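K.L.:
Handing you this structure, nothing more for now.
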Amino acid sequence: MLPPIEPVNRVVVAGANYAKHLAEDFGLSSPTQPVAFLKAYGALIGAHDAIRYPPLTEELDHEVELVAVIGSADIDLADPLACVLGYTVGNDVSARDLQRSGPAGIGMDLFAAKSQDRTTGLGPWIVTKDEFPAGSPKLRLVLKVNGEIRQDGSTAEMTWDVGQLIRFVQQRSSFACGDVLFTGSPAGVGMGTGLFLNPGDVVEATIEGIGTLRNVVSEKSRV
């Protein structure tokens, strides 16, 4: 199955949005405002596609995330959730050693860490927002590797809810219909546990009321 958006659409990722994730996995406190960046569309894969293991990393990590699908370019800052078509499951696969490789004084290299080709799962489908109670969804997120639970949290734990994230991004760069917004990941990633992904691992990211995104990690790529 292909990712449920077109190649022309933007992939926006909000980071640092779960306090426990920041504290346990990175030893950091929550920032005073949302953090967002762009991910290359070429990083996306669909349900059942292989997660490419890039040659430049030895620390391939998982991050289950609720992903909002934008259904309108007409964003009302007073009611930002009105633009949401629905929600899907994301696995923001990251190369942690590359993330830390940014030059001193410059900060993290999120481009190298988050935009590696064919690494980030998205799918398996979009569930329209009318299937959920009004407001920002409060849903359980679970990620398993080879059947073992690695992440188990709830979107209710987000520091900034979906509407607040949409407003923050829109005030800086306008959304278009079909864009997607990854909303952050709960605690339990390999960066904190030391358990990174390996070739052959079966990765299942599940969000309550949406479904399960299943991908298998490929052998390490030569290019």
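For the sequence shown, UniProt numbering puts the final residue at 223, and the numbers step up evenly by one. Note that the Cβ used here is the ideal one computed from N, Cα and C, for glycine as well. Every value quoted in this text rests on a predicted model; they were computed, and no experiment measured them.
1) Does DSSP put LEU22 in a helix, a strand or coil?
2) Look at MET158 and THR183 and say whether their C-beta atoms are less than 8 angstroms apart.
3) Leaving out five residues before and five after GLY15 in sequence, what residues of the same chain have Cβ atoms less than 6 angstroms from its Cβ?
4) Report whether the distance from the Cβ of ALA104 to the nearest heavy atom of the ligand HEM is below 7 angstroms.
5) Touch check for the stretch 22 to 32 and the stretch 95 to 114: three-plus C-beta pairs under 8 angstroms?
6) What did DSSP end up calling ILE166 once you bin it into helix, strand or coil?
7) Can you give me the C-alpha to C-alpha distance between VAL64 and TYR18, rounded to a whole angstrom?
8) Relative to the alpha-carbon of VAL223, which residue among LEU38, LYS20, THR57 has its alpha-carbon at the smallest distance?
9) What's the gap between the Cα of PHE168 and the Cα of PHE196?
10) Take ASP117 and list the residues in its own chain whose beta-carbon comes closer than 7 angstroms to its own, dropping the five residues that flank it on each side.
11) With DSSP as the reference, label THR57 as helix, strand or coil.
12) What first and last residue would you give for the beta strand (DSSP E) that runs through GLN151?
13) Which of the three DSSP states is assigned to MET1 in this structure?
14) Between the Cα of VAL89 and the Cα atoms of VAL142, ASP74, ALA78, LEU81, which residue gives the shortest distance?
15) Is ALA205 buried or exposed, if buried means 16 or more other CB atoms sit within 10 Å of its CB?
16) Please classify SER185: is it buried, with 16 or more other beta-carbons within 10 angstroms of its beta-carbon, or exposed?
17) To the nearest angstrom, report how far apart PRO3 and VAL13 are at their CA atoms.
18) Quick check on DSSP: helix, strand or coil for PHE37?
19) Determine the DSSP secondary structure at GLY135, reduced to helix, strand or coil.
20) In this structure, does DSSP put GLY90 in helix, strand or coil?
21) Within 10 angstroms of the Cβ of VAL93, are there 16 or more other Cβ atoms? Answer buried if so, exposed if not.
22) Count the other CB atoms within 10 Å of the CB of HIS48; is the residue buried (16 or more) or exposed (fewer)?
P.N.:
Walking through what the data contain:
1) helix
2) yes
3) VAL35
4) No copy of the ligand HEM occurs in the structure displayed, which carries no ligand at all.
5) no
6) helix
7) In a straight line, the C-alpha of VAL64 is about 12 angstroms away from that of TYR18.
8) THR57
9) Taking the straight line joining both Cα atoms gives about 31 angstroms.
10) Excluding residues within five positions, the ones whose Cβ falls inside 7 angstroms are GLY42, ALA43, ARG52.
11) DSSP places THR57 in coil when its eight states are reduced to three.
12) It spans 148 to 154 - the beta strand (DSSP E) in which GLN151 sits, taken as one unbroken run.
13) coil
14) VAL142
15) Taking every protein chain shown into account, the CB of ALA205 has 16 or more other CB atoms within 10 angstroms, so this residue is buried.
16) buried
17) Rounded to the nearest whole angstrom, the C-alpha separation of PRO3 and VAL13 is 16 angstroms.
18) strand
19) coil
20) Residue state, collapsed to three classes: strand.
21) Buried, because 16 or more other Cβ atoms sit within 10 Å of the Cβ of VAL93.
22) exposed
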